[in-house]
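These notes concern the structure reproduced below.
Residue numbers (UniProt numbering), protein chains in the order written: chain A, 1 to 97; chain B, 1 to 485.
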């Protein structure tokens with residue numbers, strides 16, 4: 001094998017194909033924020049808990065290159081929603097059935 | 001008057017006496033003592049009960065006293081009954097009931113005896129759950145936290161498994177890659193191409209490897225697309241619909257390394273899907289995928305080709321052997337000189353020129369195990385990598401004959417023409433807007449010109465240009481008319 005060919009340095013890893021990227025982390029982030037706000041404004045405990053789950057899922061699916069600040073802020077918002085809901089109303093959550 | 005003054009306190013005293021007597025009745029357990037006070041006026045307020053059971057119980061004082069005496073005045077049967085009824089009820093509730101039953105029926109007007117409701121009207125107020133000293137009422141919260149912990153555990157386990165699989169793949173393929181490529185592993189951060197010698201982690205489930213420095217190709221990008229084992233939701237979804245890990249290899253070639261043709265082979269499902277999705281396959285390989293049985297490969301594989309000559313050229317013995325042996329692991333193999341990715345959605349005024357194409361070889365392999373992969377399975381992908389290397393070398397040598405080349409060129413010209421037709425209107429519009437922009441810019445320049453002489457001169461020049469253009473157009477129209485005639 002003749003290996004004395006030219007070496008290309010740059011890997012085309014900087015592909016800007018938005019169509020090929022997985023949209024899950026972005027959707028989950030958005031959902032998490034919406035549920036956090038609902039939980040805070042409407043004082044719904046289950047909303048706050050779902051927001052926590054959404055932010056966890058978003059974190060699990062996120063890319064390495066993604067900003068951790070965004071992740072952390074969404075996470076903190078959901079935790080604060082849970083805490084505020086329980087401070088306002090310490091009663092335990094009642095199941096829907 | 002004085003008599004009245006003395007009478008008033010006496011009356012008051014007399015009225016107050018029953019109350020005091022009622023209160024003192026607590027101390028008197030002995031029925032005889034109570035009998036001493038048996039005054040007809042106060043008879044009804046006395047506690048006449050001689051039953052020790054009743055006496056032992058604690059009674060609400062003011063009411064207990066008057067309840068017993070009226071019945072005592074009645075016959076003995078009544079007292080016996082009373083005692084019986086008192087035997088039945090041995091708690092405080094019963095006392096109330098008992099007390100009410102001892103009332104003289106004639107004493108109260110409009111009073112209806114109702115025995116049962118007293119028990120029902122007692123409402124037990126529940127202590128709010130958060131004030132109780134028990135964690136049991138918070139079972140929903142405990143469930144939620146348990147779910148979160150399970151998710152975190154799954155994340156750690158899934159991440160580690162993917163990492164181990166990736167490492168196992170790289171260890172088994174490292175030798176082959178390093179012998180074929182000068183540069184193995186580059187994350188693109190450094191300006192010069194330095195071999196990092198390790199995978200580049202894009203995600204918790206996607207690993208990249210860039211190899212370069214070989215004849216016949218610009219470079220090779222290998223993507224290990226594992227399942228999202230770190231996401232519990234995905235794990236649960238996969239229980240319904242099993243999917244497998246995939247290894248995608250994308251080899252980009254130099255212009256001189258490949259002749260002009262489009263070819264694809266793979267599983268039937270994959271071929272049908274790619275034909276719809278990919279730009280080049282839909283344009284150049286319009287026919288339905290053909291069965292591979294004709295060329296000696298298993299029925300499960302289908303072929304999409306621009307022309308028969310290409311298929312004959314690609315499907316040599318060694319290739320057939322590779323495909324037959326590893327048919328279960330091959331999802332798709334795609335050779336194309338017109339590769340531009342998936343079909344771009346046509347938006348308003350966007351694709352005014354053909355998308356950029358690159359000579360590419362694309363391989364998609366399925367890792368055996370259908371999700372339950374172990375690091376040992378990665379070794380079974382090594383022959384497929386050999387096939388990739390072989391294909392690169394083969395395509396360098398594969399050349400179409402004259403007819404094939406002509407057909408290929410015709411195809412490409414046809415596709416370009418179609419594209420231009422479709423975008424004709426849009427291009428015209430774009431050209432029009434460009435011309436208008438130019439005119440406006442020119443006018444603005446003239447207006448902004450402060451010197452009136454220069455302004456005049458520029459205006460004249462613009463007018464002359466306009467006239468020339470009009471004349472040219474007229475000439476063209478005349479020529480067309482003459483030709484038509």
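C-beta: ideal position from N, C-alpha, C; glycine also.
What does DSSP give as the partner residue(s) for residue i in the beta ladder?
{"i": "residue 327 of chain B", "result": "Paired residue(s): none; residue 327 of chain B is not in a bridge."}
{"i": "residue 342 of chain B", "result": "B:278"}
{"i": "residue 364 of chain B", "result": "B:248 and B:332"}
{"i": "residue 263 of chain B", "result": "B:305 and B:335"}
{"i": "residue 214 of chain B", "result": "B:217"}
{"i": "residue 200 of chain B", "result": "B:208"}
{"i": "residue 222 of chain B", "result": "B:209 and B:249"}
Please compile the residues from chain B whose C-beta is within a distance smaller than 7 Å of the C-beta of residue i.
{"i": "residue 49 of chain A", "result": "144"}
{"i": "residue 81 of chain A", "result": "What residue 81 of chain A touches in chain B: nothing, since even the nearest Cβ is about 13 Å away."}
Check the Cβ of residue i against every Cβ in chain A and list those closer than 7 Å, keeping chain order.
{"i": "residue 140 of chain B", "result": "92, 93 and 95"}
{"i": "residue 233 of chain B", "result": "57"}
{"i": "residue 282 of chain B", "result": "The contacting residues do not exist; residue 282 of chain B stays about 16 Å from chain A at best."}
{"i": "residue 151 of chain B", "result": "56"}
Mapping the DSSP letters down to three states, classify residue i as helix, strand or coil.
{"i": "residue 321 of chain B", "result": "helix"}
{"i": "residue 32 of chain A", "result": "helix"}
{"i": "residue 308 of chain B", "result": "helix"}
{"i": "residue 169 of chain B", "result": "helix"}
{"i": "residue 146 of chain B", "result": "helix"}
{"i": "residue 280 of chain B", "result": "helix"}
{"i": "residue 337 of chain B", "result": "strand"}
{"i": "residue 94 of chain A", "result": "coil"}
{"i": "residue 237 of chain B", "result": "helix"}
{"i": "residue 454 of chain B", "result": "helix"}
{"i": "residue 463 of chain B", "result": "helix"}
{"i": "residue 79 of chain B", "result": "Since pLDDT at residue 79 of chain B reaches only 48, below the 50 mark, its modelled position is unreliable, and the value read off the structure follows with that caveat. The answer is helix: DSSP assigns residue 79 of chain B an H, G or I state."}
{"i": "residue 486 of chain B", "result": "The structure shown does not extend to residue 486 of chain B, since chain B spans only 1 to 485, so no value can be given for it."}
{"i": "residue 132 of chain B", "result": "coil"}
{"i": "residue 418 of chain B", "result": "helix"}
{"i": "residue 70 of chain B", "result": "The predicted model places residue 70 of chain B with a pLDDT of 46, which falls under 50 and marks its position as unreliable; any figure quoted below should be read in that light. Helix."}
{"i": "residue 57 of chain A", "result": "helix"}
{"i": "residue 21 of chain B", "result": "The predicted model places residue 21 of chain B with a pLDDT of 48, which falls under 50 and marks its position as unreliable, so this point remains unresolved."}
{"i": "residue 40 of chain A", "result": "helix"}
{"i": "residue 359 of chain B", "result": "strand"}
{"i": "residue 163 of chain B", "result": "helix"}
{"i": "residue 291 of chain B", "result": "strand"}
{"i": "residue 257 of chain B", "result": "helix"}
{"i": "residue 124 of chain B", "result": "coil"}
{"i": "residue 228 of chain B", "result": "coil"}
{"i": "residue 423 of chain B", "result": "helix"}
{"i": "residue 154 of chain B", "result": "helix"}
{"i": "residue 189 of chain B", "result": "coil"}
{"i": "residue 22 of chain A", "result": "coil"}
Take residue i as the anchor and find which of the options has the nearest alpha-carbon.
{"i": "residue 271 of chain B", "options": "B:287, B:257 and B:259", "result": "B:287"}
{"i": "residue 385 of chain B", "options": "B:207, B:432 and B:333", "result": "B:333"}
{"i": "residue 374 of chain B", "options": "B:341, B:195 and B:162", "result": "B:162"}
{"i": "residue 83 of chain A", "options": "A:63, A:66, A:37 and A:59", "result": "A:37"}
{"i": "residue 251 of chain B", "options": "B:134, B:259, B:212 and B:367", "result": "B:212"}
{"i": "residue 298 of chain B", "options": "B:327, B:405 and B:152", "result": "B:327"}
{"i": "residue 224 of chain B", "options": "B:296, B:208, B:233 and B:408", "result": "B:208"}
{"i": "residue 318 of chain B", "options": "B:419, B:229 and B:389", "result": "B:389"}
{"i": "residue 196 of chain B", "options": "B:462, B:210, B:204 and B:205", "result": "B:210"}
{"i": "residue 301 of chain B", "options": "B:307, B:292 and B:308", "result": "B:292"}
Quick one: list the residues of chain A neighbouring residue i, beta-carbon separation under 9 Å, in chain order.
{"i": "residue 202 of chain B", "result": "13, 63, 64 and 65"}
{"i": "residue 230 of chain B", "result": "60 and 61"}
{"i": "residue 128 of chain B", "result": "90 and 91"}
{"i": "residue 155 of chain B", "result": "56, 59 and 60"}
Residue i touches chain A at which residues, Cβ-Cβ below 8 Å?
{"i": "residue 148 of chain B", "result": "52, 53 and 56"}
{"i": "residue 355 of chain B", "result": "Ordered by position in chain A, no residue passes the 8 Å Cβ test against residue 355 of chain B, which lies about 12 Å from the chain."}
{"i": "residue 336 of chain B", "result": "None at all; the shortest Cβ gap to chain A is about 17 Å."}
{"i": "residue 137 of chain B", "result": "92"}
For a cutoff of 8 Å on Cβ pairs, would you count residue i as touching chain C?
{"i": "residue 207 of chain B", "result": "Although the question refers to chain C, the structure presented lacks it and instead comprises the protein chains A and B."}
message = Any contact between the region 149-161 of chain B and the region 175-194 of chain B? By contact I mean 3 or more CB pairs, one from each, below 8 Å.
response = no
ask   = Between the region 449-466 of chain B and the region 423-435 of chain B, do three or more beta carbon pairs fall short of 8 Å?
value = no
request  = Evaluate contact between the region 142-150 of chain B and the region 356-366 of chain B, counting only Cβ atoms and requiring at least three cross-stretch pairs below 8 Å.
outcome  = no
ask   = Is the region 368-383 of chain B close to the region 259-278 of chain B, with three or more CB pairs under 8 Å?
value = no
request  = Flag this pair as touching only if the region 162-182 of chain B and the region 65-82 of chain A have three or more C-beta atom pairs under 8 Å; answer yes or no.
outcome  = no
query = Do the region 66-78 of chain A and the region 32-51 of chain A meet, that is, are 3 or more Cβ pairs less than 8 Å apart?
reply = yes
task = Determine contact between the region 335-342 of chain B and the region 275-282 of chain B, defined as no fewer than three beta-carbon pairs at a distance below 8 Å.
result = yes
query = Should the region 253-261 of chain B be called in touch with the region 396-403 of chain B, which here means at least 3 C-beta pairs below 8 Å?
reply = yes
ask   = Are at least three pairs of beta-carbons, each pair with one atom in the region 57-64 of chain A and one in the region 224-243 of chain B, less than 8 Å apart?
value = yes
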